[in-house]
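First up is the structure itself, then whatever we jot down about it.
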Amino acid sequence: MFRVLTYPEAAEQLAELPAHLLVDYARVLDAIAAAPWDGAPQNADNPIAEVRR
4 MFRVLTYPEA
14 AEQLAELPAH
24 LLVDYARVLD
34 AIAAAPWDGA
44 PQNADNPIAE
54 VRR
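Right, dumping it as C-alpha coordinates:
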(Lines of atoms letter the chains of each structure in order from A and count residues from 1; the text may use other names and numbers.)
(Lines give C-alpha, C1' and ligand atoms only; values in the text may rest on other atoms or scores of the structure.)
Protein backbone atom coordinates (compact mmCIF):
# COMPACT_ATOMS: atom_id res chain seq x y z
CA MET A 1 0.00 0.00 0.00
CA PHE A 2 1.24 3.48 -0.85
CA ARG A 3 0.99 6.61 1.25
CA VAL A 4 -0.68 9.69 -0.24
CA LEU A 5 0.71 13.04 0.89
CA THR A 6 -1.24 16.28 0.81
CA TYR A 7 0.65 19.48 0.05
CA PRO A 8 0.19 22.29 2.60
CA GLU A 9 -1.46 24.46 -0.07
CA ALA A 10 -4.05 21.75 -0.69
CA ALA A 11 -4.56 21.18 3.04
CA GLU A 12 -5.66 24.79 3.40
CA GLN A 13 -8.23 24.30 0.65
CA LEU A 14 -9.40 20.98 2.09
CA ALA A 15 -10.04 22.70 5.41
CA GLU A 16 -12.65 24.80 3.61
CA LEU A 17 -14.61 21.79 2.31
CA PRO A 18 -17.98 21.05 3.88
CA ALA A 19 -17.67 18.26 6.46
CA HIS A 20 -19.91 15.86 4.53
CA LEU A 21 -17.46 15.88 1.59
CA LEU A 22 -14.46 14.85 3.69
CA VAL A 23 -15.71 11.24 3.85
CA ASP A 24 -15.74 11.08 0.04
CA TYR A 25 -12.30 12.67 -0.12
CA ALA A 26 -10.98 10.04 2.30
CA ARG A 27 -12.41 7.29 0.08
CA VAL A 28 -10.61 8.74 -2.93
CA LEU A 29 -7.33 8.81 -1.02
CA ASP A 30 -7.84 5.18 0.04
CA ALA A 31 -8.42 4.13 -3.57
CA ILE A 32 -5.33 6.00 -4.78
CA ALA A 33 -3.19 4.53 -2.00
CA ALA A 34 -4.38 0.99 -2.75
CA ALA A 35 -3.88 1.10 -6.53
CA PRO A 36 -2.13 4.28 -7.71
CA TRP A 37 -1.36 2.99 -11.22
CA ASP A 38 -4.87 1.84 -12.15
CA GLY A 39 -5.82 5.10 -13.86
CA ALA A 40 -5.29 5.96 -17.49
CA PRO A 41 -2.24 8.09 -18.32
CA GLN A 42 -2.86 11.83 -18.32
CA ASN A 43 -0.92 12.13 -21.58
CA ALA A 44 -1.74 9.40 -24.13
CA ASP A 45 1.52 10.17 -25.96
CA ASN A 46 3.48 9.18 -22.84
CA PRO A 47 1.69 6.14 -21.39
CA ILE A 48 4.46 5.25 -18.93
CA ALA A 49 4.49 8.68 -17.26
CA GLU A 50 3.77 8.96 -13.54
CA VAL A 51 0.73 11.25 -13.84
CA ARG A 52 -2.59 9.39 -13.99
CA ARG A 53 -6.22 10.42 -14.35
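Note that my numbering gives residue 4 to position 1 of the sequence shown, counting from 1, and the numbers run on in steps of one. Beta carbons: idealized from backbone N, C-alpha and C, even for Gly. Note that this is a predicted model, so its numbers are computed, not measured.
Coil, strand or helix - residue i by DSSP
i: residue 55; result: strand
Cβ shell of residue i (< 7 Å), same chain only, five flanking positions each side left out
i: residue 5; result: 36, 39
Close Cβ partners of residue i (< 8 Å) along its chain, the five nearest in sequence each way excluded
i: residue 28; result: 17, 20
i: residue 31; result: none
Start-to-end residues for the alpha helix (DSSP H) that takes in residue i
i: residue 16; result: 11-17
i: residue 20; result: No alpha helix (DSSP H) contains residue 20, which DSSP labels as neither H nor E.
Close Cβ partners of residue i (< 6 Å) along its chain, the five nearest in sequence each way excluded
i: residue 55; result: 42
Rounded distance between the beta-carbons of residue j and residue i, thought under 8 Å
i: residue 44; j: residue 34; result: In fact, because the Cβ distance is near 17 Å, the residues do not count as touching under 8 Å.
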